[in-house]
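Numbering (the UniProt record's numbering), first residue to last: 1 to 103.
Note that the Cβ used here is the ideal one computed from N, Cα and C, for glycine as well.
Just so you know, these numbers come straight off a predicted model, no measurement behind them.
Working notes, structure below.
As structure tokens, then:
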């Protein structure tokens, strides 16, 4: 049974919450960075400014993609946690019925 992954619903929920925290931190830092950059580059003109603007736009797009993927991972973990809990409850109910029937 080597290589198996073991977890609990509580661990999955904690990991999901951590993903939400990291995503929020990324958004805060990105917003802060954009505010700082806007202040610094507001009067910047020319080819270098244009090149930098393109790079900054690419950075913002990539950060948005990262947050989208984090959201997808969080959703998958949430769904897995729900299914895990539901299956656990169904198994418990089934075993309880068998135990009751056996007396």
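For residue 6, the closest C-alpha among the options 70, 43 and 80 is that of 80. Counting the other Cβ atoms within 10 Å of the Cβ of residue 40 gives fewer than 16, which makes it exposed.
Taking 4 residues as the minimum length, the stretch 5–37 contains no alpha helix (DSSP H) run wholly inside it. Following the DSSP letters along the chain, one finds residue 59 inside the alpha helix (DSSP H) bounded by residues 47–102. Taking the C-beta atoms as reference points, residue 78 is found nearer than 9 Å to residue 16. For a cut-off of 8 Å, the C-beta gap from residue 63 to residue 26 is around 6 Å, short enough to register as a contact.
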